[in-house]
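Position in the sequence shown (first residue = 1) + 5 = this note's numbering.
We put the beta carbon where it would ideally sit given N, CA and C, even for glycine.
Read the structure below first, then the notes.
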Amino acid sequence: MIFLDVILYSAGGVIGTMHHLYFSGTPVEHMALGAFFSAAEVIPLTFLTVEAWAFLQLGSRQTTGDAKPFPHRWAVMFLVAVGFWNFVGAGIFGFLINLPIVSYYQIGTALTANHAHAAMMGVYGMLAVGLAMFAFRYVIPADKWPEKWARVSFWCLNIGLAWMVFASLLPLGVLQLYHSVNEGYFEARSLGYITQPGNAVLEWLRLPGDLIFIIGGVVPFVWIALQAVRHFKSGPTTDEMPENPLYTEVSPTPVPEAR
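What follows is the structure, given as structure tokens:
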């Protein structure tokens, strides 16, 4: 499964970037290959999402009541968020705008920003935060690890980003695309249309998501980073863990020889 994902990512990701060259004077082959492989990016993203869910289910089944908590829980949760936003932001939202007939009418509208927010912050941003949490857990002593604030940061970053996307950018982009198809691309991007009362309301609807993202997500993360600087190299940072904390290897039962 993983090797198949690598192959599909290599084709869909590299060749699929030709969707950036649709209307820049490049040969028609760029449009054909870019459209096909951009649409195909959804396939490995679906596989990876299913694989990540199966991994989490395996870990939950192997965890016993008296086992010590996994020290990198929130680092792993941020990596799970990467898989989710990769599927939604890069896969679904990218697929919605990467087809040439759609891109012709919508490029540069709020649908582009919708895809950019979900894919850039959702994938690369969550990945960076997850790797930082992994490092912080080794720097901050176990008895001083702010489990509560790591949890708050995770949920607020994801809820805030989801609010921005689904409450503001996505509906704004759909309306802008509809206006572009019916009235023309220039009209859809004109200042007169963008500043209409309905669009202004959708833009203001983004504010709660911004506040949740910044106050509930960014501020606790920065505080954890400051704790890491404060407690750098001050002692043991993780509890002792079993050799394989997420799974247990079971040796096959020998089959008795037939007489």
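Taking 8 angstroms as the threshold (C-beta atoms), are residue j and residue i in contact?
i: residue 115; j: residue 174; result: yes
i: residue 128; j: residue 91; result: yes
i: residue 120; j: residue 106; result: no
i: residue 100; j: residue 44; result: yes
Can you look up residue i in the DSSP assignment and give me helix, strand or coil?
i: residue 28; result: coil
i: residue 181; result: helix
i: residue 46; result: coil
i: residue 195; result: coil
i: residue 201; result: coil
i: residue 116; result: helix
i: residue 272; result: Residue numbering for the chain in the displayed model covers 6 to 264; residue 272 lies beyond these limits and cannot be assessed.
i: residue 71; result: Note on residue 71: pLDDT 47, under 50, position unreliable in the model; the coordinate value appears next. In this structure, residue 71 counts as coil in the three-state DSSP scheme.
i: residue 145; result: coil
i: residue 150; result: coil
i: residue 21; result: helix
Alpha carbon to alpha carbon, how far is residue j from residue i? Give it in angstroms, no decimals.
i: residue 32; j: residue 40; result: 13 angstroms
i: residue 168; j: residue 201; result: 22 angstroms
i: residue 28; j: residue 47; result: 23 angstroms
i: residue 4; j: residue 222; result: Residue 4 falls outside the range modelled here, since the chain spans only 6 to 264, and no answer is possible.
i: residue 104; j: residue 180; result: 18 angstroms
i: residue 140; j: residue 216; result: 26 angstroms
i: residue 19; j: residue 196; result: 35 angstroms
i: residue 133; j: residue 83; result: 9 angstroms
i: residue 93; j: residue 236; result: 37 angstroms
i: residue 22; j: residue 34; result: 13 angstroms
i: residue 144; j: residue 233; result: 6 angstroms
i: residue 150; j: residue 205; result: 42 angstroms
Please look up how many angstroms separate the CB atoms of residue i and residue j, rounded, as I've assumed it's under 8 angstroms.
i: residue 190; j: residue 110; result: 6 angstroms
i: residue 171; j: residue 79; result: Going by Cβ atoms, the distance from residue 171 to residue 79 rounds to 24 angstroms, so no, they are not a contact pair.
i: residue 87; j: residue 135; result: 7 angstroms
i: residue 138; j: residue 155; result: 6 angstroms
i: residue 176; j: residue 207; result: 6 angstroms
i: residue 157; j: residue 225; result: 5 angstroms
Ignoring anything shorter than 3 residues, give me the beta strand (DSSP E) runs that lie fully in the stretch 207 to 240, in order along the chain.
none
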